[in-house]
Amino acid sequence: MSALISEPAALPTRPVSARLAAPLGPLLRSRLVGALASPHGVDRYLERFHPMWAAHDVRARIVSIHRETEGDAPVATLTLQPTSTWRGHRAGQHVLVGVEIPGVAKRYTRAFSISSAASGKGESFTLTIRAHDEGQVSSYLVRAAEAGQVIHLSQAQGEFTLVESPATPTISRSLFITGGSGITPAMSMIRTLLRDGYQRNGVAHAGRKVTFLHFARSAEDQIFAAELAAIAEADNGIDVHLRYGDQVFSEFELRRLVPDYKETDTWLCGPPGLVELVKAAYGDSTRLRMEFFKPVVARAARPGEEIEGDVAFTRSGKTVAASGASLLEQAEELGLKPEFGCRMGICFSCTRTKTAGTVRNILTGEESAVPDEEVRICVTAAAGDCHIDL
Ligand SMILES: Cc1cc2nc3c(=O)[nH]c(=O)nc-3n(C[C@H](O)[C@H](O)[C@H](O)COP(=O)(O)OP(=O)(O)OC[C@H]3O[C@@H](n4cnc5c(N)ncnc54)[C@H](O)[C@@H]3O)c2cc1C
Ligand code: FES
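In terms of the numbering used here, the sequence shown is numbered consecutively and its last residue is 413.
Right, here's the structure in full:
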């Protein structure tokens, strides 16, 4: 069993208190201590003694913040040293980040893909974040956060990972198509491939070919510019194609770069416009995997269908005509401010009770009329009259 969380040995300033507590890890994770610490849990108490002590939770200290780009939507890479409760990540996965912004008495949660190569237990990793003008968490982390601060994390999650389809020999080809900050999970995969030497079953496959096609607003907005230039120059089997401004995605160009792209394992992550174009190019090919930072297709209303009914937010006494937008957006239209995190159905922080009525899952199209049902309002829309406890 691993040691209780402490600063990593490599950091010269590991506090004496952390070192003294390390052997207590198994005891602090025991059922007895869990019961004694109920209802708050042992981690609530440990955190008060030292922000990097944890028996179950994951937290991380910001080691450094590196500006990748400037401009009106700057991007920064945060290097994080997690507590030893961090189980590591597979290239392409994301984490939920919990941040307490000074002056605001609540914790915000957002999802961020990990941009560094696959990590092991307790190992440091990076997040690369674009500051959105109106964005509370991204703006804070890029513009105001400082090295030394401690943030809250989930374990790594997600299946957008470097797993090739069984039908494709690993040594053949991989294709990454990304746009804007959607480069982050692909960068984690490429860094992992370069670091681990394209190994499969312990055998390096030097003949492997990787094509990396990335779209950015401009050369100045290019994240990881110097590293991508070095990768492009090196003799490593990776072709890098960077496109800027009005050089938009076209199937014609993709076919020129990778003639058999529909039979090539492809990882796609980018803004909704790019995702729609690439999806159309792949048709029913099963080789395309996608990661979304925002929901791309709202299927709240079926084609040609009018939604009739009202959404009643019973706690606040407000009602609005069902529009097909998510219940979260409908609540925000009315000036309500429900809790949310990822706005993608991942983090569950927007979960509310639907007391009555029929709703539809925006991502899957599935309908449900079960009363007193917990729904994630960011990915749920009314399919008729419905009552939400909000
Ligand atoms: C799996 C995944 C991986 C991701 N990886 C990355 C990554 O690697 N790098 C990265 O930069 N980003 C990434 N993101 C996006 C990130 O999670 C955040 O969505 C982004 O940083 C914006 O968060 P924010 O808190 O700054 O903005 P928010 O404050 O959440 O605002 C975002 C938008 O939400 C809407 N909104 C918020 N509040 C309201 C309101 N009251 N009324 C109406 N509309 C409102 C607005 O449209 C606003 O522009 C990822 C997202 C997912 C789901
Ligand atoms: S905001 Fe994350 S699941 Fe709804």
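For every residue, glycine included, the Cβ atom is placed at its ideal position computed from N, Cα and C.
DSSP on G225, reduced to helix/strand/coil?
Reliability of the predicted coordinates at G225 is poor, the pLDDT of 47 falling under 50, and no value is obtained from them.
Shorter than 7 Å, the distance from the beta carbon of F316 to the closest heavy atom of ligand 2, or not?
no
In terms of residue numbering, what span does the alpha helix (DSSP H) encompassing T215 cover?
206 to 219
Roughly how many whole angstroms lie between the Cα atoms of S197 and D262?
11 Å
By a C-beta neighbour count over all protein chains shown, 10 Å radius and 16 as the cutoff for buried, is L92 buried or exposed?
Reading the sequence as shown, one finds Thr at residue 92 and not Leu. The residue is buried, with at least 16 neighbouring Cβ atoms inside 10 Å.
DSSP three-state call for V382: helix, strand or coil?
strand
Tell me the rounded alpha-carbon separation between S162 and I254.
30 Å
Reduced DSSP secondary structure (H/G/I, E/B, other) of K341:
strand
Taking 5 Å as the limit, tell me which residues put their C-beta closer than that to any heavy atom of ligand 1, in chain order.
H117, R133, A134, F135, S136, I152, R153, H155, E157, G158, Q159, V160, S161, S204, T207, F316, E355, C365, M367
With contact counted as at least three CB pairs below 8 Å, one residue from each stretch, are the stretch 92 to 102 and the stretch 148 to 156 in contact?
yes
Exposed or buried, H89, counting other C-beta atoms within 10 Å across all chains shown (16 or more means buried)?
Label assigned to H89: exposed.
Distance between beta carbons of R113 and A141, contact taken as under 8 Å
6 Å
With 16 as the cutoff for other CB atoms within 10 Å, does R338 come out buried or exposed?
exposed
Run through DSSP, which three-state label would L409 get?
The question names Leu, yet the displayed sequence has Cys at residue 409. Strand.
Span of the alpha helix (DSSP H), counted from its first residue to its last, around E389:
Premise fails: E389 is in no alpha helix (DSSP H) and is neither H nor E.
On the DSSP bridge assignment, give the partners of V186 in chain order.
In the DSSP output, where bridge partners are listed per residue, V186 has none listed.
Work out the CA separation of A252 and L236 for me, nearest whole Å.
13 Å
Please tell me whether R130 and Q104 are closer than 8 Å, where the distance is taken between their beta carbons.
The answer is no: Cβ separation not under 8 Å.
Would you say C409 touches ligand 2, meaning its beta carbon is less than 7 Å from a heavy atom?
no
Which same chain residues, not among the five before or five after L420, have their C-beta less than 8 Å away from its C-beta?
Residue 420 lies beyond the residue range present for the chain, which begins at 24 and ends at 413; the question has no answer from this structure.
Quickly, what does DSSP pair C401 with across the bridge? List them, please.
Note: C401 sits in no beta bridge, so no partner.
Buried/exposed call for Q116, threshold 16 Cβ in 10 Å
With 16 or more other Cβ atoms within 10 Å, it is buried.
Throw me the rounded Cβ distance for the T132 and G364 pair, which I believe falls under 8 Å.
Rounded, the Cβ-Cβ distance is 4 Å, consistent with contact.
Is it the case that the CB of R130 approaches a heavy atom of ligand 2 more closely than 7 Å?
no
Measuring only the C-alpha atoms, how far is M414 from W290?
It is not possible to answer for residue 414, since the shown part of the chain is limited to 24 through 413.
Quick check on G202: buried or exposed, where buried means 16 or more other Cβ atoms within 10 Å of its Cβ?
G202 is classed as buried because its beta carbon has at least 16 other beta carbons within 10 Å across all chains shown.
Please list the terminal residues of the continuous alpha helix (DSSP H) segment that includes I254.
Counting along the chain, the alpha helix (DSSP H) containing I254 begins and ends at 248 to 256.
Comparing the CB of R399 with every heavy atom of ligand 2, is any distance shorter than 7 Å?
yes
P295 in three-state terms, based on DSSP:
When secondary structure is reduced to three states using DSSP, P295 falls in the helix class.
DSSP state of K285 mapped onto helix, strand, coil:
Note: K285 maps to helix in three-state DSSP.
According to the neighbour-count rule (16 or more other Cβ atoms, all chains shown, within 10 Å of its Cβ), is A406 buried or exposed?
buried
What span of residues does the alpha helix (DSSP H) with G110 cover, start to end?
Residue 110 is actually Arg in this sequence, not Gly. Premise fails: R110 is in no alpha helix (DSSP H) and is neither H nor E.
When you compare each of Q245, T108, Q159 to P125 by their alpha carbons, which one comes out closest?
Q159
Where G293 and F247 are concerned, what is the direct C-alpha to C-alpha distance, given to the nearest angstrom?
16 Å
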